[in-house]
Amino acid sequence: MPRLLIVHHSPTPSVAALTEAVVAGASDEAITGVEVVVRAALEADADDVLAADGYVLGTPANFGYMSGALKHFFDSIFLQAGGALTDDGSAASVEGGRKPFGLYVHGRYDTTGAVRSVQSIVGALAWRQSAPVLEVLGDVGEADREAAYELGGTLAALVMG
Numbered sequence: 179m180p181r182l183l184i185v186h187h188s189p190t191p192s193v194a195a196l197t198e199a200v201v202a203g204a205s206d207e208a209i210t211g212v213e214v215v216v217r218a219a220l221e222a223d224a225d226d227v228l229a230a231d232g233y234v235l236g237t238p239a240n241f242g243y244m245s246g247a248l249k250h251f252f253d254s255i256f257l258q259a260g261g262a263l264t265d266d267g268s269a270a271s272v273e274g275g276r277k278p279f280g281l282y283v284h285g286r287y288d289t290t291g292a293v294r295s296v297q298s299i300v301g302a303l304a305w306r307q308s309a310p311v312l313e314v315l316g317d318v319g320e321a322d323r324e325a326a327y328e329l330g331g332t333l334a335a336l337v338m339g
């Protein structure tokens with residue numbers, strides 16, 4: 179059965195609301211035959227990543243970067259999950275990523291640095307961005323929850339085949 183892995187760091191009610199909507203969308207009754215696995219970023223491991231057919235990542239924007247928890251996730255799984263490095267140890271760009279991923283980021287004032295930091299790391303994995311990044315600033319409204327629901331549903335449908 180295809181598996182969608184949702185890895186998130188949801189320390190605030192705003193990010194938690196987005197995570198709940200992503201999970202609900204991925205679990206929509208119209209999508210059958212997909213196992214949805216939800217892991218907090220500090221609990222997810224390389225086995226979770228290797229067993230998945232697609233991913234949704236969620237993080238707050240903290241000081242212009244992804245959360246420390248999501249960064250820890252990447253640090254923990256990167257090489258085991260097939261991440262590529264350059265000679266100087268930085269993330270290398272990988273062409274032809276196969277596994278789909280989506281990303282949602284919540285920030286009070288800006289999400290640019292957080293999005294860029296996740297994309298630079300994911301660019302060195304064999305994943306492909308398969309939905310626009312959901313960037314939410316300030317309070318999470320109904321339209322934001324609907325967009326998160328759609329993100330979860332889109333990624334689940336993609337892994338369903």
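With the working numbering applied, the sequence shown corresponds to residues 179 to 339, in that order.
Cβ coordinates follow ideal geometry from the N, Cα and C atoms, glycine included.
Quantities reported herein were computed from a predicted structural model and do not represent experimental measurements.
Ranking I184, A334, Y287, V311 by CA distance to the CA of F241 puts Y287 first. Here L333 has L182, A204, G232, V234, P278, G280, S308, A309 as same chain residues with Cβ atoms under 7 Å from its own Cβ, once five neighbours each way along the sequence are excluded. Taking the Cα positions, H186 is about 9 Å away from V193. Cβ atoms of V283 and V311 come within 8 Å of each other, at about 7 Å.
Runs of the beta strand (DSSP E) spanning 3 or more residues and lying entirely within the segment 197-225 occur at 213-218, in chain order. The beta carbon of A259 lies closer than 7 Å to those of A224, V227, L228, L303 in the same chain, with the five residues before and after it left out. Counted as a single uninterrupted DSSP element, the stretch harbouring F279 is not any alpha helix (DSSP H) but the beta strand (DSSP E) occupying residues 277-285.
The three-state secondary structure of H187, taken from DSSP, is coil. Residue burial is scored here from C-beta neighbours: P191 has fewer than 16 other C-beta atoms within 10 angstroms and is therefore classed as exposed. Positions of the alpha helix (DSSP H) runs, each at least 4 residues long and wholly inside the segment 312-338, are given as 320-338 in order along the chain. The C-beta separation of T237 from L220 comes to about 12 Å, leaving the pair out of contact by the 8 Å criterion. CA-CA distance, M244 to I255, rounds to 16 Å. In this structure, I209 places its C-beta atom within 8 Å of the C-beta atom of M338.
8 Å or more divides the Cβ of A199 from the Cβ of R294. Bridge pairing for R181: E213 [DSSP].
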